[in-house]
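Here's the structure we're looking at; comments come further down.
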Ligand code: XIL
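Numbering (our numbering), first residue to last: 1 to 565.
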């Protein structure tokens, strides 16, 4: 039984002189295996491209000033006994303080109404800027795990950094803790509670405290950028072998430091999110006139002008990513009348929608940016991790031949200079490769595929030999060319991770170059992002530039791999 005591949204930060115990500390027992290893580093969280991403603009300046005048150390110490709600809802979550017999003082923060995994509770934490903090919390939930993270902006980019996670159960509280150092250049800082699953969360004994001496930063320190203008160019270095690309976003391209770097380093770009069905499909218009849009969902393209215009103006090509995918594709697309409370659309209707969607993409891009899209990822990630084909909504509605159909339509409408690709992750793994080859053989037999994209979200643990054998096998079995489409190489957790990662990049690139020189048709290599904390796998620090755009050993390894051929 829970009882609502208060749902006011007053902000309460308690001044305290206590600080957390110093020294490195692993998360407490109860932390989730893999995620625990990540504690204190940036978690794999979507960047600021998520629709409805939380707004953290409301951090109160007055409060920061008061606290500094009091010469206090900021501290959040919640046992919820007073019944006052100090957390702020994150997304659609509803927060209240409730009676809860399982909680230490009989009351807890209750988080309900969560519609997406990032919905939860925010604690504003601006005053902790530049300090190491220790975060503690106890949770109970029917969700498998609850996560506590820090979110902030640096250089206008939002990053999401996991501090710790705990495996939870519904009846008793499980405690966890972790430490994290917030950069002095961070702004709009919040500590937040979330969970991958959407069930309710109870939180007890939540605290955020400074480790060691407290330093007050009235403003975020200026986040300087390295001077990148003298860097050797990957594009030039590899010009005689293959194109070099990076995944970009309009937000990135709007900042001169990033834009200049991309111009200097790349001959190709991929829109990290903007060409995906969820960014293109227009629900409002589609349902506004079902007679018109039932078979041909409405599409919107204007936002593409930033990335495509940038590529055109700078003599680059674009990888069109992606047409048919189970993810980042709205569910309503698969329903009759686009009504998710009704029935799934039948095969015939879904084939019409698929054809019209592909046609719409090809027509708009060809009309507005002729010759710009060099390759399309026609189908993305159709292989299931557990084997066979992924039982996606495309699979469920159209059936097993949806891949063949997608390529058939793509061939029908693509201009001749655009190559058609199948793209997937872990596609070097033996079993997965067999599955992929099985469903691509008929596509190749029909002459509708030109290439296989190896996403290559890998880590320094991966066997480079296995990868290279698999790469060659696609070429041999399907007669296709290869793009490395989303390369990022996660680092390990050692102290010299940058050097080790650099060495791995070196071995990887040398092998790629060797294969290319042997005649294996590798025609493009794209890095999935620019600098580490902008990566979708920021916690793995998998890219070749640091956040200030200084070059990591991985960048030099890519350049030097050519010199050592
Ligand atoms: C990722 C983007 O990098 C993120 O910003 C987004 O939140 C999720 O998608 N495979 C793909 C890419 O084909 O489109 C994915 O990109 C990464 C995995």
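Cβ coordinates follow ideal geometry from the N, Cα and C atoms, glycine included.
Item	Value
Boundaries (first-last residue) of the alpha helix (DSSP H) holding residue 121	That residue, residue 121, is in no alpha helix (DSSP H); its beta strand (DSSP E) goes 120-124.
Closer than 8 Å to chain B by CB, residue 193	No chain B is present in this structure, which holds just one protein chain.
Given residue 385 as reference, the closest of 321, 426 and 460 once Cα atoms are compared	426
With 16 other Cβ atoms within 10 Å as the buried cut-off, status of residue 214	buried
Paired residues, beta bridge with residue 443 - DSSP	In DSSP, residue 443 forms no bridge with anything.
Rounded C-alpha distance that separates residue 515 from residue 435	24 Å
Heavy atom of ligand 1 within 7 Å of residue 536 beta-carbon	yes
Selection from 484, 300 and 466 that minimises the alpha carbon distance to residue 456	484
Cβ separation of residue 103 and residue 173, assumed to be a contact under 8 Å, to the nearest whole Å	7 Å
Top-ranked residue by Cα proximity to residue 450, from 183, 223, 479 and 466	479
Beta bridge counterpart(s) of residue 209 as assigned by DSSP	75 and 134
heavy atom of ligand 1 below 7 Å from residue 174 C-beta	no
Secondary structure, alpha helix (DSSP H): runs of 4+ residues fully inside the stretch 229-283	234-237, 250-253, 256-265 and 277-280
Between the CA atoms of residue 236 and residue 562 - distance to the nearest angstrom	11 Å
Proximity of residue 509 and residue 557 at Cβ, strictly below 8 Å	yes
Contact test: residue 429 Cβ vs ligand 1 heavy atom, cutoff 7 Å	no
Alpha-carbon spacing of residue 82 relative to residue 153, whole angstroms	32 Å
Proximity test, residue 425 beta-carbon vs ligand 1 heavy atom, cut-off 7 Å	yes
Closer than 7 Å: residue 321 CB and nearest ligand 1 heavy atom	yes
Beta carbon of residue 202 nearer than 8 Å to that of residue 140	yes
Those runs of the beta strand (DSSP E) which lie wholly inside the stretch 122-202 and span at least 3 residues	132-141, 145-154, 157-167, 174-181 and 187-194
For residue 455, three-class secondary structure by DSSP	coil
Separation of residue 157 from residue 410, as counted between CA atoms	35 Å
Whole-Å CB distance - residue 114 paired with residue 80, under 8 Å assumed	The pair is not a contact, with the Cβ atoms about 19 Å apart (cut-off 8 Å).
Beta-carbon contacts of residue 565 that lie in its chain and below 7 Å, excluding the five residues immediately before and after	513
Meets three-Cβ-pair contact criterion under 8 Å: the stretch 241-251 and the stretch 214-227	no
Which of helix, strand or coil DSSP assigns to residue 376	strand
Euclidean distance between Cα positions of residue 276 and residue 221	36 Å
Coarse secondary structure for residue 501, derived from DSSP in three states	helix
Sequence-distant residues of the same chain with beta carbon closer than 6 Å to residue 555, five excluded per side	544
Residue 528 Cβ short of 7 Å to ligand 1 heavy atom set	yes
C-alpha gap between residue 473 and residue 377, whole angstroms	19 Å
Beta carbon of residue 467 nearer than 8 Å to that of residue 428	yes
Distance CB(residue 525)-CB(residue 487) smaller than 8 Å	yes
Reduced DSSP secondary structure (H/G/I, E/B, other) of residue 530	coil
Near ligand 1: residue 151 beta-carbon under 7 Å from a heavy atom	no
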